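Heads up: the sequence shown begins at 19 in the working numbering, then just goes up one per residue.
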Amino acid sequence: MNGMNHSVVSEFVFMGLTNSREIQLLLFVFSLLFYFASMMGNLVIVFTVTMDAHLHSPMYFLLGNLSIIDMAFCSITAPKMICDIFKKHKAISFWGCITQIFFSHALGGTEMVLLIAMAFDRYMAICKPLHYLTIMSPRMCLYFLATSSIIGLIHSLVQLVFVVDLPFCGPNIFDSFYCDLPRLLRLACTNTQELEFMVTVNSGLISVGSFVLLVISYIFILFTVWKHSSGGLAKALSTLSAHVTVVILFFGPLMFFYTWPSPTSHLDKYLAIFDAFITPFLNPVIYTFRNKDMKVAMRRLCSRLVHFTKIL
C-alpha cells in the first residue's frame, strides 16, 4: 500500500429503500421517531447512571457505556438516511463512505465485545455471587471497556487498510441507504475475491463468535438458576428472553451480511434497518423499563429535579 488512492470515483450514490412517495413518507416518520426515541432513551440511561450513586456498580457502568455506543452507532447512518429520503440524488463522498464504514465496524465490534462483558457480569453476579465484587472491580470494568474499544478499532482498521487503496473507476451505485463493505468491494475495478473472503472471515468470525459466546453464557446462567432455585427460573427466563431478543436483532443482520456468500437479494438493506434504528431503541427499553433499580433511580432523579426546579 502506497497511501495513495487511485479512484476516479469522487462520490457514491444511494438508491435508497423505495421510490414510492407514500412509503417514503412512512419511512421518514418511522425513522425520525425511532431515532429520536433511541437518542432520548439512551441519554436517559447515561444521565441516570451518572447522577444516581445507587447505580455506580459494574452492571450499570457497562450499561451506560453501551448506551453511549448505541447513540454513536445509530448516528452513523440514521441522520443521513432521514435527510436523503425525499432526495432524488442521494450521494456521499468517497471518503465520507469510507468514514461511515470505519465507524460502523469500529462501534459495531466494540458493542459486540461489550455485550459479552455484560453477559459475563451477569454470569458472575448469578453464578459466583461471593466473588462478584472482587472479580468485577472498577479496574476490571475499565479493562473490559478498553479491550472492547481496541478490538473494535483493530477489527475496522484491518479491513479498511486494504480497501482504501483499491481502484474505483466505474460503477458508483449502492443499492442501499448506507455504505457497507461487501457492496463497496463489488464496485472496485479489480478482483476482490481475496478481500471479500478476508471480510467474511473477519466480520463473520467476530459476529458469529460473539453470538455463540452470548448464547452459551445465557445457557450457563439459566442452568445455574434452575439448579439452585426453581422459583427463580421463570424470572430469569423473562429477563434473559428480552436480552436474547436484542442480541438476535443485533447479530442476526450482521451474520447475514458477512457470512452469506455474495448476497444478491435486496433483503440485506432492509435488515440493516434493525441495526440502524430498532436495536438502539430496544436497548433502553429492555435494560431500563424492565429493570426495577433503573425505574426507581429515574423516579428518584425526577423528584430531585422537580424539587430543584421549585427552589429556583
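Every residue, glycine too, gets a C-beta built ideally from N, C-alpha and C.
Keep in mind it's a predicted model, so treat the numbers as computed, not measured.
In the DSSP assignment, the alpha helix (DSSP H) including residue i goes from what residue to what residue?
i	result
S75	It is not in any alpha helix (DSSP H) - S75 carries neither H nor E in the DSSP assignment.
V181	156–181
N301	297–302
Y305	Y305 -> no alpha helix (DSSP H), and no H or E assigned at all.
T152	150–153
P200	199–204
L289	285–291
Could you tell me the alpha carbon to alpha carbon distance between residue i and residue j, rounded to whole angstroms?
i	j	result
W113	V64	31 angstroms
Y305	C197	30 angstroms
P298	A55	9 angstroms
Y276	S321	47 angstroms
L240	C145	10 angstroms
A164	G126	15 angstroms
L178	C115	11 angstroms
M22	V67	For M22, the pLDDT reaches just 48, beneath the cut-off of 50, and the residue's location in the model is therefore unreliable, although a value from the coordinates is still provided. For M22 and V67, the distance between alpha carbons rounds to 45 angstroms.
L272	V243	30 angstroms
F120	V219	17 angstroms
A315	S167	28 angstroms
G34	D293	16 angstroms
F269	K328	46 angstroms
A290	A96	11 angstroms
L338	Y236	Beyond the ends of the chain as shown, which are 19 and 330, falls residue 338; an answer cannot be given.
L313	F295	Sequence check: residue 313 is Lys here, not Leu. Rounded to the nearest angstrom, the two C-alpha atoms are 23 angstroms apart.
V176	L199	12 angstroms
I191	S93	22 angstroms
M130	I234	15 angstroms
L45	L285	16 angstroms
F404	V324	Since the first residue of the chain shown is 19 and the last is 330, residue 404 is not available in this structure.
A124	L50	24 angstroms
V303	A137	17 angstroms
Could you spell out the range, first to last residue, of the beta strand (DSSP E) harbouring residue i?
i	result
I41	Unbroken run through I41 is the alpha helix (DSSP H), 39–69; no beta strand (DSSP E).
Going by DSSP, which residues form a beta bridge with residue i?
i	result
I134	Answer by DSSP bridge pairing: none, since I134 is not bridged.
F30	I110
F192	F32
So with Cβ pairs under 8 angstroms, would you call residue i a contact of chain B?
i	result
R140	Although the question refers to chain B, the structure presented lacks it and comprises just one protein chain.
Cβ contact check for the stretch 132–142 and the stretch 96–116: 3 or more pairs under 8 angstroms: no
The stretch 163–183 in contact with the stretch 146–153 per 3-pair CB rule at 8 angstroms: no
Decide yes or no for the touch test of the stretch 230–248 against the stretch 202–216: beta carbon pairs closer than 8 angstroms, at least 3 of them. no
Would you say the stretch 174–191 touches the stretch 78–96, given that touching needs at least three Cβ pairs under 8 angstroms? no
Any 3 or more C-beta pairs closer than 8 angstroms across the stretch 209–222 and the stretch 154–162: no
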